[in-house]
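Chemist:
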Amino acid sequence: APIDFALLLDESFSMSRPEPDGSLDGPGGSKAFAKKLVTMFLPLGINASRFSVVSFAADATTRVGWSYDETEINDGIDDMTADGLTSISDGFEAVRHLFD
-13 APIDFALLLD ESFSMSRPEP DGSLDGPGGS KAFAKKLVTM FLPLGINASR
37 FSVVSFAADA TTRVGWSYDE TEINDGIDDM TADGLTSISD GFEAVRHLFD
């Protein structure tokens, strides 16, 4: 059965530490985890899985709408940088709109 994954990732300043584990970047960071999750559900497709990427800091940013393209999804994950305050509620609201 097809699965929709909406990745909601924190990119606020608190995610800049500690490196390399438990942060946004590094081998144990949330970017690496998100990419691994995408890889686990290859091949992507209309009869398989699709992903979206939403990040939040002071505001939410939809980096990738629904996509079957692994490169586009990973590029959206890579575009995140840790900075700013934290508004998880904006992130949840942006994800909710993906399902409208």
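Under the numbering used here, the first residue of the sequence shown is numbered -13, with each subsequent residue one higher.
The beta-carbon is built from N, C-alpha and C at its ideal position, and this holds for glycine as well.
Remember, it's a predicted structure, so these values are computed and weren't measured experimentally.
Quick one: give me the first and last residue of the alpha helix (DSSP H) that Leu(-7) is part of.
Modeler: Segment -11 to -4 is the beta strand (DSSP E) holding Leu(-7); no alpha helix (DSSP H) there.
Chemist: Whose C-beta lies closer than 6 Å to the C-beta of Ser35 among residues of the same chain, with five residues either side of it excluded?
Modeler: Excluding residues within five positions, the ones whose Cβ falls inside 6 Å are Ile(-11), Phe27.
Chemist: Based on the DSSP output, what are the partners of Thr47 in its beta bridges?
Modeler: Paired residues: Ser41.
Chemist: Tell me the rounded alpha-carbon separation between Ser53 and His83.
Modeler: Rounded to whole angstroms, Ser53 to His83 spans 15 Å at the Cα level.
Chemist: Relative to the alpha-carbon of Ser2, which residue among Ser75, Val50, Thr57, Met66 has its alpha-carbon at the smallest distance?
Modeler: Ranking the options by Cα distance to Ser2, first place goes to Met66.
Chemist: Could you give the residue range of the alpha helix (DSSP H) that holds Asp55?
Modeler: Careful: Asp55 lies outside any alpha helix (DSSP H) and carries neither H nor E.
Chemist: Using only the alpha-carbon positions, how far apart do Leu(-5) and Val24 sit?
Modeler: Using only the alpha carbons, I get a separation of about 14 Å.
Chemist: Identify every residue that forms a DSSP beta bridge with Arg36.
Modeler: Partner(s): Asp(-10).
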